[in-house]
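Quick notes on the structure that follows.
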Amino acid sequence: MRINGTKTAGVLLLLFLSAVLTASAQQSAAPGGNAAPGSMPEQEGPVKGTVKDNNGVGLIGVTIRVKGTSTGTTSGADGAFTINLPAGKDTLVFSYLGYVSQEVKAGAGPLNIILKTSESQLEQVVVVGYGTQRKKDLTGSIASVKGEDLLTQPVQTPTQAAQGRISGVQVIASGQPNSQPQIRVRGTGSVLAGANPLYVVDGVLTDDIRNIATADILTMDILKDASAAIYGVRAANGVIIITTRKGKAGTPQVRYDANVGFREAASLVEMASRDQYISYLTDAAPGKDPINNPYVYNGTTNWYNDVLRKAFQMNHNISVSGGSEKGTYYLSAGYIQEDGIIQTNNFKRFTFRANNDVNITDQLKFTSMISYSRAISRDVELGDTYRNIYRAAPIVKAFEDGRYGNTSGWANVGNPLLAINKRNDGRGESRLQGNAALEYSPVSFLKLRSGFNADLKFGNDRIYAYRFLNDDVSFLVAGGNQQNQNSRLTREEYRSQGWVWDNTITFDKTFDKHSLTLLAGSVTEGFYSTSLKGVRINVPESEDLWYLDLGDPNVQSTIANVGDKYARQSFVGRVNYGYDGRYLLSASIRADGSSKFSERWGYFPTVGLGWVLSEESFLKDKGIFDFLKLRGSWGKLGNDNIPTNAYIAVTSVDAPYVFDGTVSLGGALKEIKDPFLKWEATTQYDVGFEFSLLKSRLSGEIDYYSKKTTDALVVVNTPAILGDQDNSYITNAASFKNQGWEISLNWKDDITDDLSYTIGGNITFNKNELTGLNGGQALQGGNVGQQSFVTRTDNGHPVGSFYVRDAIGIFQNQAEIDNYKGPSGNAIQPGAAPGDLKYRDIDGDGDIDDNDKIYAGSFQPKCFFGFNLGLNYKGLDLSANFYGNAGNKIYNGKKAFRFDPADNIEADYASKRWTSTNPSTTDPRLITAGTPASTYFVESGTYVRLNNLMLGYTFSSKTMKLIGINSFRIYATSQNLFTLKKYSGFSPELPGGTIDDANATNNKSGILDAGIELSAYPTTRTFALGVNVSF
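Take the sequence shown: its position 305, counted from the start at 1, is 350 in our numbering, and no numbers get skipped.
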């Protein structure tokens, strides 16, 4: 598919135009200007008045309309307005975002309107994709989080701050700086095409929001059910819509938000002391002298202390906003510094944002939003560093007198301190996102919009590996296998550009008891990316000379150049209908044409119904429910997140063959592809209740959902005779199902005028399983070494299930080994020794092999939950947020991954392991590389964590205004303060993609190795002090 779009220069021109128009509008709105605020054509019956908030401050930009007509205006300076009433009409409707709408009958004199802040979630305006709706009018399951609720947590990505706040949304975070949490909306429904949601930031579609400053976010709306179908082929995993802040008409407002603190590793596992290790090693490896070995040097090393640190972090954001009835502006700048807990790891990011609205005329409006970010990080690719901290022997010194302890001369693991100091990774990335749109409303109920947005990314990676030898210059003792004979420089530059042009027309009108909103539009989208990578050896050590041309000219350099390009053309339509505030209907359809498939077009419909029972006569005014709504939805969504041209077969034109005695070159099939490849299709059903009662002190939602994915993309094997170079190809051959319940409850109450509290909680129960796999080829993943795959996804089981041998005990003596016999009287484990694990003979053939494995649970929890507490007394506020999950399993790869008996062990294992003098029934003797994966390494992943604890104080506004400050708040906060868990390892919160699983062809997205602790960056605990100030 070929689509011609506006070039980047056009985007920049539009963004520049927005600034010019904003300045022009501000000038025209200044005192002495000719425009009268909120002016309308002359009609009989003028009504004047002012609109103010609870504090008596005039509100600019309030929408005022005559009920039952198209006549309307907006409030101007100090909230003043004038509107002409048509004959026979006397009721005005006042509405303003964040405030409760009011209906007022006009009298003889001026009107003085006081709008109250909206406390009800039902009055919230929710972004639903190409439009907005009030929450009480929704027929779908859409959750919202306010930006203010995200801002107070000392985390660098907004989605991590949402952890535990939303039912149905699982957030799995890593402690590594600049990492983006993995998000699962109502379970995992794909393995090859990815399972993360689509993000929409002010209309810009993206899969990465690390460039967004949390302080810039106004709201985050999560489309969990079929309502996401308006985004078609990219919506199967849910859609998260982020709306950033805008200016408000009035005097300029300056806001400063900041927090400063430090991070440290959480839940560290205590490792064996020097004496414990020597005792263990004496039993495990009698051939290695732990006392007199020359590599030891009587070390007493705590590798945590030598490699890890308390890491500093800070986050600053300042913004200026304001405007008039002719236009508004919002400008912000931010800076983040986040050091990693591994010594050389750090991250910095600078952000800038400018959002402008310009009312060119009463009918024509121009909006623009532009953001720029620059991120710089060091030591991004840490490899096995953290795993080696765990494995390195404590009797080897880390560093002394300018030389390193040579751990590799003693055990099969390198010195982790040397590994980070002899390598310099650097990454820099710039990102520019922009959105410009024109909105034209010829009449109050009709709006035409044309918008163009772009997402440009430019980055470069640089990795330099220093030269060092295993001699006594680098090491305390020469020898061992840890060395790098040639320095190596790797440089890569990449860029990508995506753009979307959308055009919509919206009809929105109320006819007596009928409300009708119609939307139609088209969306054109393009994407292009390219990267160039080069590698050269023997480049000089000086950082000023790290250029590929300065490497060894006698050794050929490695060059790689890849790219991607695709396009989509879409058409969307939606209708929302409501009758008398009781009966609701919503339906939409999207047609997507994608260049990624030979069958270009897919169609994604959805329909939703709602019934507000609390407005019916049998419930209304009965004093039971303040609000009660039953809703249901059905829809079809897609996922096309696969490489471009995956359906086009590749042939070679230089294949040699012999014809008539002569060797010639000809064509041959190189890569087999499925020419009928298509997107993954997800059908979702949802039925739910929303309610509030007891004067809206208690509110909640209950949902049941069923989410079925068909035509899921997987890699299947092909016979070698067909000639495919890797004997596999991508095809639609699997199906998945997620179904479950979501429950959210919230209670808020005022005990006195000065004392109030809130209690809230949510829980999600989800059942995941693979329901179909054409060809019967189970998907394997989780390579923990030596091609030992510990996860298997097959029919009737959850994605990423652990598939291992069943350890049923420990042999205590030789007699038990001899008596463990098969049906023919043979010893089932003839090579076992006392202290070894005993495995169940599943198939009863008298032998333990791969046929004796069982499914031992999955990384996917059966339920996950969050609950929060809040207390406010005068200016003091205290809040606590908890998060956890239950019913999932973790594979403790660290305790299973000992290739050499000289690797370190946990202190708990050192004291409890089986020995002839201390027989154990829980922990076997030495675990080596030859020990197969079994249920001994599969542990409970259930945990509850105090996610955030915060204490704040807001100073009296009356006092602050005396010194020119509108509001001033200080707070102390902590993240991940403590975790209650059964798991014996570091952290039960483990995202996928943390181990080298290159040989698992269906695991390119890392989903099949989630829940394995091996090389994952540890979770961190954070303490910070912060301030929120506005002027």
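C-beta: ideal position from N, C-alpha, C; glycine also.
These numbers were taken from a predicted model, which means no experiment stands behind them.
### Message
With three or more C-beta pairs closer than 8 Å as the rule, is the segment 197 to 213 touching the segment 403 to 416?
### Response
no
### Query
In terms of residues, what are the limits of the beta strand (DSSP E) holding S639?
628 to 639
### Task
Examine the Cβ distances between the segment 650 to 657 and the segment 677 to 691 and report whether three or more of them are shorter than 8 Å.
yes
### Query
Counting Cβ pairs closer than 8 Å, one from the segment 152 to 159 and one from the segment 168 to 184, do we hit at least three?
no
### Task
Starting from T13, follow its DSSP beta bridges and name the residues at the other end.
The structure shown does not extend to residue 13, since the chain spans only 46 to 1076, so no value can be given for it.
### Message
Restricting to runs no shorter than 4 residues, where is the alpha helix (DSSP H) found entirely within the segment 174 to 217?
### Response
192 to 196, 203 to 206
### Query
What separation, rounded to the nearest whole angstrom, lies between the Cα atoms of L137 and D98?
17 Å
### Query
Among L923, A726, G372, which one has its Cα closest to the Cα of T999?
L923
### Query
Grouping DSSP H, G and I as helix and E and B as strand, with all else coil, what is S659?
helix
#### Entry: Under the three-state DSSP convention, the category L1070 falls into
strand
### 7 Å Cβ cutoff met for A188 and I211
yes
### Query
Nearest-angstrom Cα distance between N783 and S115?
46 Å
### Query
Given 8 Å as the limit, is there contact between the segment 265 to 285 and the segment 724 to 736, that is, 3 or more CB pairs closer than that?
yes
### Message
For Y936 and E570, what's the separation of their Cα atoms in angstroms?
### Response
42 Å
### Query
Is P461 buried or exposed, if buried means 16 or more other CB atoms sit within 10 Å of its CB?
buried
### Task
Report the rounded CA-to-CA distance for V230 versus P242, giving the unit in angstroms.
7 Å
### Message
Please tell me whether K934 and V983 are closer than 7 Å, where the distance is taken between their beta carbons.
### Response
yes
### Message
As a quick exercise: from N606, D609, K610, P585, pick the residue whose alpha carbon is nearest that of P598.
### Response
P585
### CB-CB length for Q358 against Q382, believed under 8 Å
6 Å
### Message
Given this structure, state the Cα-to-Cα distance separating K554 from N304, to the nearest angstrom.
### Response
46 Å
### Query
Residues bridged to K723 by DSSP?
Answer by DSSP bridge pairing: none, since K723 is not bridged.
### Query
Between the C-alpha atoms of S235 and I285, what's the straight-line distance to the nearest angstrom?
18 Å
### Message
Quick check on the DSSP output: the beta strand (DSSP E) that includes D384 runs from which residue to which?
### Response
372 to 384
### Message
Checking the sheet assignment: what are the DSSP bridge partners for G711?
### Response
A700
### Query
Are the segment 413 to 425 and the segment 373 to 392 in contact at 8 Å, needing three or more beta carbon pairs?
yes
### Query
Measuring CA to CA, which of I717, V703, S737 is closest to G711?
V703
### Contact under 7 Å by Cβ, N791 with S741
no
### Query
Are G608 and S574 closer than 7 Å when you measure CB to CB?
yes
### Task
Report the three-state DSSP secondary structure of Q729 (helix, strand or coil).
strand
### Message
Between the segment 427 to 447 and the segment 343 to 362, can you find at least three pairs of beta-carbon atoms closer than 8 Å?
### Response
yes
### Task
Using 10 angstroms around the beta-carbon of F556, count the other beta-carbons present and answer buried if the total reaches 16, otherwise exposed.
exposed
### Task
Kindly indicate which three-state DSSP category V108 falls into: helix, strand or coil?
Note that residue 108 corresponds to Thr in the displayed sequence, not to Val. If DSSP states are grouped into helix, strand and coil, T108 belongs with the strands.
### Message
Would S789 and T755 be called neighbours here (beta carbons separated by less than 7 Å)?
### Response
no
### Task
Kindly provide the ranges of any beta strand (DSSP E) runs that are 3 or more residues long and lie completely inside the segment 899 to 965, ordered along the chain.
908 to 918, 921 to 931, 934 to 937
#### Entry: Rounded C-alpha distance that separates M85 from G496
Unreliable positioning characterises M85 in this predicted model, as indicated by a pLDDT of 36, which lies under 50. The coordinate reading is nonetheless provided below. Computed Cα separation, rounded: 27 Å.
### Task
Pull up the distance between the alpha-carbon of D794 and that of G668, whole angstroms please.
18 Å
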